[in-house]
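Report on one structure; see the data block that follows.
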Ligand SMILES: Nc1ncnc2c1ncn2[C@@H]1O[C@H](COP(=O)(O)OP(=O)(O)OP(=O)(O)O)[C@@H](O)[C@H]1O
Ligand SMILES: [Mg+2]
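Protein chains in written order, with the numbering used here: chain A, 68 to 302; chain B, 752 to 1167.
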């Protein structure tokens, strides 16, 4: 049913080990693809390696075996600074604990990655930031210091920040983990909306079955392995 | 550009931690202010001592050295033999410079020379009652001496013209006059080492502001000294030379030493004690200033380190959202530079104010030095050096914490 069957993310034979306190394998031969515009949820028991996988996919963690390709570009083995620039342009990230810069206003928080990208002049970045804030219904708080917001509000601002550079992929690590039902639904609606209308890809780790069920596909992990890619269930 | 964002972030960080910023800044300010005050004062002392030494002494002095370190006759005849000569005495010779006046005229014609003053100087006793007070009489040509030492400016009473018009006149050093209890118009009896005596009339009192001179010297007409020691009118013992540029004295002196068979001494050699003192003060100034700046540097280092630790989450977020290591370094280096620069500017202002206050503070050095306030040298160079030092210290102190910040692994922090 999806007309454009192009993989925007391709992970092949990813293995990851932790050496502290003892050497053990967290991820075992992980291989999967994510299509453009797909809304993918990753589920699994606590401690099975979901966050670890997500940090590798986000290019922040570079100590793994295997290869990672995003947007057709091989990312394995690139330098930290190259990866930072890549993240800036192509990846948006929403953390579980709505990490915002507390000294800066809501608007500044959203603008910073845009200013860093430098694709548009500051005036236009500001306009875009307002537009993203409106999308998450936070535009009225634009000039507030970000430390003066509630948890749900901060999470919505973090989503606006993740969207500012129109990234190919938006990743979330339990983006609704700290939110009540109403706020969770709101975040879900935003994700659903941008995946459908903008063709942006969503990859989220979640424990919320409703959230996962609303997406296009659910990938299940157990003990460092993918036990279900979720294609079967969808059919 | 990226530097602009880095600057904005740095500024926000500094402004949200005003107190910390101030403490780091004041460390630099204090270091630089003290550096400027120290160096201005020390160099002021150096300059003052050098000036007063140069003022009162010739740049080059030519005189005949009477020594006993000549080879004995037997040594010249039998150089390879085992010769022992005990306690050799100096030859009977005069301290005169032959053709002194001709040489003086010749040297005077050199373009780099300001003036030459031929002198006859001799040790004398001034007799006050039954107490002989030792001193030196310098027989001078007053006009030439004036040209070299601006004697008229140093007269406490009487004038130099009085000496010219009075063949028995003497101008005494201020401390000598006080010791002898003599005032202008009084008479004093002097005895030379060769036994001659003369009755002199005090026509003036001078002060160079240097104890060793003011305490011992008297100026008389050349003919009077020549008469006192029973020598002819061509008898000259010293040639004092002033150069247009004091620094020229050393090569010029070497040239003269090659030309004439007399002892030639330049001011730098004659004032080695002062120059050595200058060196010691110079080293001291730099050691103390350096220490102050290092302390300030450690202050900044600590505060920047703390800053990085406090901002570790922010750094992780910035990196996660696409800021590179260079951006992070820039953010923290800019903070250091701002702290260093503002601290330095404030330090320069405070340093200048303190130096100025010191330079108008009364200082009584007694008879030893002619000085009313602390000597302070104002030189733009020191201020530029202070700012440079300050900025360099902060750059160094900021670099290592920034480098650390750049190395932070965002995954470790974001994992929570
Ligand atoms: N820095 C680390 N060093 C060593 N072991 C780690 C480290 N981080 C995580 N682990 C271990 O790796 C495993 C996977 O951790 P991970 O955080 O990926 O789990 P998760 O699936 O995200 O769990 P949860 O649902 O609770 O968030 C766990 O057993 C955890 O203890
Ligand atoms: Mg997790």
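All C-beta atoms in this analysis are idealised placements derived from N, C-alpha and C, irrespective of residue type, glycine included.
Residue i and residue j closer than 8 Å at C-beta
i: residue 272 (chain A); j: residue 118 (chain A); result: yes
i: residue 875 (chain B); j: residue 1004 (chain B); result: no
i: residue 1063 (chain B); j: residue 758 (chain B); result: no
i: residue 1017 (chain B); j: residue 1001 (chain B); result: yes
i: residue 871 (chain B); j: residue 858 (chain B); result: no
i: residue 1137 (chain B); j: residue 1051 (chain B); result: no
i: residue 808 (chain B); j: residue 1021 (chain B); result: yes
i: residue 873 (chain B); j: residue 852 (chain B); result: no
i: residue 193 (chain A); j: residue 178 (chain A); result: yes
i: residue 922 (chain B); j: residue 882 (chain B); result: no
i: residue 109 (chain A); j: residue 286 (chain A); result: yes
i: residue 927 (chain B); j: residue 969 (chain B); result: yes
i: residue 951 (chain B); j: residue 971 (chain B); result: yes
i: residue 1042 (chain B); j: residue 155 (chain A); result: no
i: residue 222 (chain A); j: residue 246 (chain A); result: yes
i: residue 1076 (chain B); j: residue 1141 (chain B); result: no
i: residue 101 (chain A); j: residue 94 (chain A); result: no
i: residue 1083 (chain B); j: residue 1152 (chain B); result: yes
i: residue 863 (chain B); j: residue 999 (chain B); result: yes
i: residue 753 (chain B); j: residue 183 (chain A); result: yes
i: residue 270 (chain A); j: residue 293 (chain A); result: no
i: residue 195 (chain A); j: residue 226 (chain A); result: no
Contact list for residue i against chain B, beta-carbon separation under 8 Å
i: residue 147 (chain A); result: 1075, 1076
i: residue 228 (chain A); result: 1072
i: residue 160 (chain A); result: 1071, 1072
Closer than 7 Å at the beta carbon, the chain B residues around residue i
i: residue 180 (chain A); result: 1072, 1073
i: residue 91 (chain A); result: Within 7 Å Cβ-Cβ: nothing; residue 91 (chain A) doesn't reach chain B, min ~16 Å.
i: residue 151 (chain A); result: 1070, 1073, 1074, 1075
Own chain residues within Cβ distance below 6 Å of residue i, not counting five before or after
i: residue 1097 (chain B); result: 780
i: residue 137 (chain A); result: 76
i: residue 1048 (chain B); result: 1144, 1148
i: residue 1126 (chain B); result: 795, 796, 799
i: residue 1015 (chain B); result: 813, 1004, 1007, 1008
i: residue 804 (chain B); result: 1022, 1025
Interface partners of residue i on chain A, CB under 7 Å
i: residue 1162 (chain B); result: 122, 127, 128
Neighbourhood of residue i by C-beta, 7 Å cutoff - its chain only, sequence neighbours within 5 removed
i: residue 211 (chain A); result: 172, 173
i: residue 767 (chain B); result: none
i: residue 884 (chain B); result: 876, 877, 930, 931
i: residue 774 (chain B); result: 1054
i: residue 160 (chain A); result: 125, 229, 238
i: residue 943 (chain B); result: 873, 875, 979, 980
i: residue 933 (chain B); result: 923, 939, 953
i: residue 275 (chain A); result: 243, 251
i: residue 905 (chain B); result: 957, 958, 959
i: residue 105 (chain A); result: 268, 283, 284
Nonlocal neighbours in the same chain, by C-beta distance under 8 Å from residue i, ignoring five residues either side
i: residue 91 (chain A); result: 84, 85
i: residue 977 (chain B); result: 871, 890, 983, 984, 986
i: residue 789 (chain B); result: 1036, 1039, 1040
i: residue 301 (chain A); result: Low confidence applies to residue 301 (chain A): its pLDDT is 48, below 50, so where it sits in the model is not reliable, and the reading given next is rough at best. For residue 301 (chain A), where only same-chain residues beyond five positions count, the Cβ hits under 8 Å are 283, 284.
i: residue 854 (chain B); result: 813, 848, 990, 1011
i: residue 897 (chain B); result: 903, 911
i: residue 70 (chain A); result: Legend: pLDDT at residue 70 (chain A) = 48, less than 50; position of this residue unreliable, no value from coordinates given.
Beta-carbon neighbours of residue i, restricted to chain A and to distances below 8 Å
i: residue 1166 (chain B); result: 118, 122
i: residue 756 (chain B); result: 179, 182, 183
i: residue 1068 (chain B); result: 166, 167, 168
i: residue 753 (chain B); result: 183, 185
Within-8 Å CB hit, residue i to chain C
i: residue 154 (chain A); result: The structure shown contains no chain C; its protein chains are A and B.
Would you list, in chain order, the members of the segment 181-196 of chain A that have their beta-carbon closer than 9 Å to a beta-carbon of chain B? 182, 183, 184, 185, 189
Of all the residues that make up the segment 764-788 of chain B, which are near chain A by a beta-carbon distance shorter than 7 Å? 764, 767
For ligand 2, residues whose Cβ lies under 7 Å from any non-hydrogen atom: A:117, A:118, A:240, A:241, A:272
For the segment 1125-1158 of chain B, which residues have a beta carbon sitting closer than 8 Å to at least one beta carbon of chain A? none
Quick one, which residues of the segment 238-253 of chain A are near chain B if we go by CB-CB under 7 Å, in chain order? none
In chain order, what residues of the segment 1042-1064 of chain B put their CB closer than 8 Å to some CB of chain A? 1064
Members of the segment 1081-1093 of chain B near chain A, C-beta cut-off 9 Å: none
Beta carbons nearer than 9 Å to chain B: which residues of the segment 162-173 of chain A have them? 162, 163, 164, 166, 167, 168, 169, 170, 171
Using a Cβ-Cβ cut-off of less than 7 Å, give me the residues of the segment 197-212 of chain A that come near chain B, in sequence order. none
Which residues of the segment 274-286 of chain A have a Cβ closer than 7 Å to any Cβ of chain B? Give them in chain order. none
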